[in-house]
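Undergrad: I have a structure I would like to understand better, so I am pasting it below and will then ask my questions one at a time.
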């Protein structure tokens with residue numbers, strides 16, 4: 380997978396960004412190509428190595444993204460009551476950085492918080508997942524972040540079937 384300067388990308392941890400430059404860097408005697416990705420007010424250097432596909436991906440196409448709204452509208456899967464088990468499960472879900480995984484995390488935590496309060500880790504994971512998803516959502520549909528956020532909350536509401544697609 381090759382990205383070029385100006386390409387929109389999704390970083391598996393930091394969310395939606397744009398490749399601002401490519402640069403070869405010499406570290407420990409080895410020269411490696413790096414992508415400089417601008418994510419909000421942060422520049423992330425991503426090595427173009429064998430693990431690139433687990434770190435960066437192109438944004439989800441609009442046709443596929445509409446399926447993600449259905450995930451958000453679903454009841455959500457139960458999360459473990461034990462906070463350590465829940466943290467492990469959420470980390471596993473976050474690891475691939477796919478839009479589908481972000482939607483499942485948001486949906487599952489949204490359902491979980493109806494019965495129990497979210498702990499600090501749950502809140503951080505929810506916020507990170509929402510920020511990543513909303514950045515991509517806004518780009519894919521060419522809408523402002525606030526509109527994407529409103530659409531996401533509508534999808535999560537019990538009356539999600541009223542969302543216009």
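Numbering (our numbering), first residue to last: 380 to 544.
The beta-carbon is built from N, C-alpha and C at its ideal position, and this holds for glycine as well.
(1) Count the other C-beta atoms from every protein chain shown that fall within 10 angstroms of the C-beta of residue 393, then say buried if there are 16 or more, exposed otherwise.
(2) Taking the beta strand (DSSP E) that residue 395 belongs to, which residues open and close that run?
(3) Quick one: what does DSSP say residue 409 is sitting in, helix, strand or coil?
(4) According to DSSP, is residue 483 helix, strand or coil?
(5) What span of residues does the alpha helix (DSSP H) with residue 559 cover, start to end?
(6) If you run the structure through DSSP and keep just helix, strand and coil, what is residue 474?
(7) If I'm right that residue 411 touches residue 428 with Cβ under 8 Å, what's the distance once you round it to whole angstroms?
(8) Flag this pair as yes or no: are the beta carbons of residue 505 and residue 529 separated by less than 7 Å?
(9) Is residue 431 helix, strand or coil when you go by DSSP?
(10) So who's on the other strand from residue 531, going by DSSP bridges?
(11) Between the alpha carbons of residue 433 and residue 480, how many angstroms are there, rounded?
TA: Let me spell this out:
(1) Under the 10 Å beta carbon count, residue 393 is surrounded by 16 or more other beta carbons and is classified as buried.
(2) Per DSSP, the unbroken beta strand (DSSP E) holding residue 395 starts and ends at 394 to 406.
(3) strand
(4) helix
(5) This structure cannot settle anything about residue 559, because the visible part of the chain is limited to 380 through 544.
(6) coil
(7) Confirmed, about 7 Å.
(8) no
(9) helix
(10) According to DSSP, which records beta bridges pairwise, residue 531 is partnered with nothing at all.
(11) 13 Å
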